[in-house]
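Trainee:
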Ligand code: BGC
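Residue numbers (the numbering used here): 8 to 385.
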């Protein structure tokens, strides 16, 4: 007897694999000549800017998919931005070491124009996570493809010196909110970044970075855990879907540890609905919809815990948000937490950012991890 039972499954996996491939092509096509990845090519509030956070995750995804040159060019862009600010960073550090204040407005911004300047548009700029995430992503890229980190060494050292001094300052989170808090995802990104580059640092810098990693862990365990899982910020009893990334791929509290596994469960229990994953329960941005990139982050964390079935489910829900043109949006509004707040954002910035390259990146990253193939890449 011929077995047909698995054919629909195979066909569906091939379809998901094709969305992975078209996502890679989209990112490569939209990457700027400078190496910067635009957050979203057309969306009014993001146009012309590249974020360290989005970009690092995008580079990590294309690196995992074998697009070595694209990722290298993004990391070169990060490196140039840091190298060109070496005296500003050194001056901030000197003042910090002398016990003098350094204002939030002087800190490195979250995003830059493609040619590496800060741009004229106001933004909620002081965010530390992207600087940790770029360190983590560049080190992963080098490890994955057997590359040397030498070409980024100066920028790595500058970033380590900056984070080692300023890691415990409150700053805006991944969602450009709550600058008065210390966010556990931000601390996770910093910790992952500092840990990832320890091997290429000289003493005493290495010991200082290692001690920062240990202090971050102790602080998070003492103040950033609620009901056994990671909390949105130190002292919070809420959860935020960005915490799934701290479990995996950042591996700071891996799924093999209770805190990591409890975090995966808490994010899934509290923030996922049919159709995808919300950022956090009080979200009102565009009415507080579901973010395909977070479905994929959560899928990555579940897969790391050994649950491929749940991971594939989450990948599927991300794929279902694609437009007819195969574009993944920043969020979808099929299940809104705060429907009354949707219109004010549409009036302010237009319809939801589509395509959002970070959404495509997380889709790629999870599809690669699940081993989904999508035919020939052009
Ligand atoms: C999100 C950020 C993201 C940016 C660009 C913002 O709306 O809050 O996390 O970095 O969009 O994608």
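Every residue, glycine too, gets a C-beta built ideally from N, C-alpha and C. Remember, it's a predicted structure, so these values are computed and weren't measured experimentally.
What residue from 121, 283 and 267 has the CA that sits closest to residue 37's CA?
Mentor: On the chain shown, position 30 is the one that residue 37 refers to. When each option's Cα is compared against that of residue 37, the closest is 121.
Trainee: Taking the CB atoms as reference points, tell me whether residue 214 and residue 143 lie closer together than 8 Å.
Mentor: Against the chain shown, residue 214 aligns to sequence position 207. Against the chain shown, residue 143 aligns to sequence position 136. Cβ distance not < 8 Å, so residue 214 and residue 143 don't count as in contact.
Trainee: Can you name, in chain order, every residue of its own chain whose Cβ lies under 7 Å from the Cβ of residue 220, other than the five neighbours on each side?
Mentor: Sequence index remark: in the chain shown, residue 220 carries index 213 (1-based). Excluding residues within five positions, the ones whose Cβ falls inside 7 Å are 198, 201 and 202.
Trainee: Using 10 angstroms around the beta-carbon of residue 247, count the other beta-carbons present and answer buried if the total reaches 16, otherwise exposed.
Mentor: Here the question's residue 247 lines up with position 240 in the chain shown. Its Cβ being crowded by 16 or more others within 10 Å, residue 247 is buried.
Trainee: According to DSSP, simplified to helix, strand and coil, what is residue 171?
Mentor: In the chain shown, counting from the first residue as 1, residue 171 sits at position 164. The answer is helix: DSSP assigns residue 171 an H, G or I state.
Trainee: Let's test the definition: count the other Cβ atoms within 10 Å of the Cβ of residue 140 and tell me whether it reaches 16, buried, or not, exposed.
Mentor: Position 133 of the chain shown, counted from the first residue, corresponds to residue 140. Label assigned to residue 140: buried.
Trainee: When the Cα of residue 68 is compared with those of 376, 182 and 380, which residue comes out closest?
Mentor: To locate residue 68, count along the chain shown from 1; it is residue 61. Minimum Cα distance to residue 68 is reached at 376.
Trainee: Alpha carbon to alpha carbon, how far is residue 369 from residue 23? Give it in angstroms, no decimals.
Mentor: Position 16 of the chain shown holds residue 23. Position 362 of the chain shown holds residue 369. Distance between the alpha carbons of residue 23 and residue 369 is about 13 Å.
Trainee: Along the chain, where does the beta strand (DSSP E) containing residue 120 start, and where does it finish?
Mentor: Here residue 120 refers to the residue found at position 113 of the chain shown. Counting along the chain, the beta strand (DSSP E) containing residue 120 begins and ends at 118 to 120.
Trainee: Quick one: grab the DSSP three-state call for residue 107.
Mentor: On the chain shown, position 100 is the one that residue 107 refers to. Coil.
Trainee: Nearest to residue 281 by alpha carbon, out of 291, 292 and 302?
Mentor: Against the chain shown, residue 281 aligns to sequence position 274. Out of 291, 292 and 302, 302 has the C-alpha closest to the C-alpha of residue 281.
Trainee: Contact between the segment 38 to 45 and the segment 337 to 357 is defined here as three or more beta-carbon pairs at a separation below 8 Å; is this criterion met?
Mentor: They do not touch, by the three-pair rule.
Trainee: Just verifying my parser: in three-state terms, what is the DSSP assignment at residue 47?
Mentor: Position 40 of the chain shown, counted from the first residue, corresponds to residue 47. Of the three classes helix, strand and coil, the one that applies to residue 47 here is coil, per DSSP.
Trainee: Taking 7 Å as the limit between beta carbons, can you name the residues of its chain near residue 317, skipping five residues before and five after?
Mentor: Here the question's residue 317 lines up with position 310 in the chain shown. Result list for residue 317: 309, in chain order.
Trainee: Return the chain-ordered list of same chain residues with a C-beta closer than 8 Å to the C-beta of residue 152, the five sequence neighbours on each side being excluded.
Mentor: Counting from one through the chain shown, the residue named residue 152 turns up at place 145. 70 and 75.
Trainee: Quick one: Cα of residue 134 to Cα of residue 18, how far?
Mentor: For this step, residue 134 is matched to residue 127 along the chain shown. For this step, residue 18 is matched to residue 11 along the chain shown. Cα-Cα distance, rounded: 42 Å.
Trainee: How should residue 283 be labelled, buried or exposed, when 16 other C-beta atoms within 10 angstroms of its C-beta is the threshold for buried?
Mentor: In the chain shown, counting from the first residue as 1, residue 283 sits at position 276. Buried, by the Cβ-count rule.
Trainee: Could you tell me if residue 84 is buried or exposed, where buried requires 16 or more neighbouring beta carbons within 10 angstroms of its beta carbon?
Mentor: Along the chain shown, one-based indexing puts residue 84 at 77. When all chains shown are included, residue 84 counts as buried.
Trainee: Could you tell me how far apart the beta carbons of residue 130 and residue 185 are, in whole angstroms, since I believe they sit closer than 8 Å?
Mentor: Within the chain shown, numbered from 1, the residue matching residue 130 stands at position 123. Within the chain shown, numbered from 1, the residue matching residue 185 stands at position 178. About 15 Å; that fails the 8 Å criterion.
Trainee: Smallest Cα separation from residue 327: which of 355, 298, 264 and 311?
Mentor: In the chain shown, counting from the first residue as 1, residue 327 sits at position 320. The candidate whose alpha carbon is nearest that of residue 327 is 298.
Trainee: By DSSP's criteria, residue 233 is part of a beta bridge. Which residues make up the other side?
Mentor: The count along the chain shown starts at 1 and reaches residue 233 at position 226. 236.
Trainee: How far does the beta strand (DSSP E) with residue 293 in it extend, from its first residue to its last?
Mentor: Here residue 293 is taken as the residue at index 286 of the chain shown, counted from 1. Looking at the DSSP string, residue 293 is not in any beta strand (DSSP E), and its letter there is neither H nor E.
Trainee: Residue 57 bridges to which residues according to DSSP?
Mentor: Along the chain shown, one-based indexing puts residue 57 at 50. Partner(s): 119.
Trainee: Out of 207, 224, 236 and 242, which one is the CA nearest neighbour of residue 189?
Mentor: Within the chain shown, the letter at position 182 stands for residue 189. Considering only alpha carbons, the answer is 242.
Trainee: Take the Cβ of residue 353 as the centre, count every other Cβ of all protein chains shown within 10 Å, and call the residue buried at 16 or more, exposed below.
Mentor: Counted from its first residue, the chain shown places residue 353 at position 346. By the neighbour-count rule (16 or more Cβ atoms within 10 Å), residue 353 is not buried but exposed.
Trainee: How is residue 9 classed by DSSP in three states: helix, strand or coil?
Mentor: Looking up residue 9 in the chain shown gives position 2. Per-residue confidence for residue 9 stands at a pLDDT of 45, beneath the threshold of 50, marking its modelled position as unreliable; the derived number appears in the next sentence. Note: residue 9 maps to coil in three-state DSSP.
Trainee: What does the Cβ neighbour count give for residue 355, buried or exposed, with the cut at 16 atoms within 10 Å?
Mentor: The sequence position of residue 355 within the chain shown is 348, counting from 1. Per the 10 Å Cβ criterion, exposed.
Trainee: Relative to the C-alpha of residue 245, which residue among 192, 366, 137 and 217 is closest?
Mentor: Against the chain shown, residue 245 aligns to sequence position 238. The option with the nearest alpha carbon to residue 245 is 192.
Trainee: Closer than 7 Å by C-beta to residue 379: which residues in its own chain qualify, once you throw out the five before and the five after it? Chain order, please.
Mentor: Your numbering for residue 379 matches position 372 in the chain shown. Closer than 7 Å at Cβ, skipping near neighbours: 20, 23, 24 and 27.
Trainee: How is the alpha helix (DSSP H) around residue 188 delimited, first residue to last?
Mentor: Here residue 188 is taken as the residue at index 181 of the chain shown, counted from 1. It is not in any alpha helix (DSSP H) - residue 188 carries neither H nor E in the DSSP assignment.
Trainee: Can you determine whether any heavy atom of ligand 1 sits closer than 7 Å to the C-beta of residue 60, and answer yes or no?
Mentor: Locating residue 60 in the chain shown gives position 53, counting from the first residue. Within the cutoff, so yes.
Trainee: For residue 284, write down the residues that DSSP places opposite it in a beta bridge.
Mentor: The residue given as residue 284 occupies position 277 in the chain shown. Note: residue 284 sits in a beta bridge opposite 279.
Trainee: For residue 253, name the three-state secondary structure that DSSP assigns.
Mentor: The sequence position of residue 253 within the chain shown is 246, counting from 1. DSSP places residue 253 in helix when its eight states are reduced to three.
Trainee: Please identify the residue among 112, 224, 171 and 257 whose C-alpha is closest to the C-alpha of residue 100.
Mentor: Counted from its first residue, the chain shown places residue 100 at position 93. Among 112, 224, 171 and 257, the Cα nearest to that of residue 100 is on 171.
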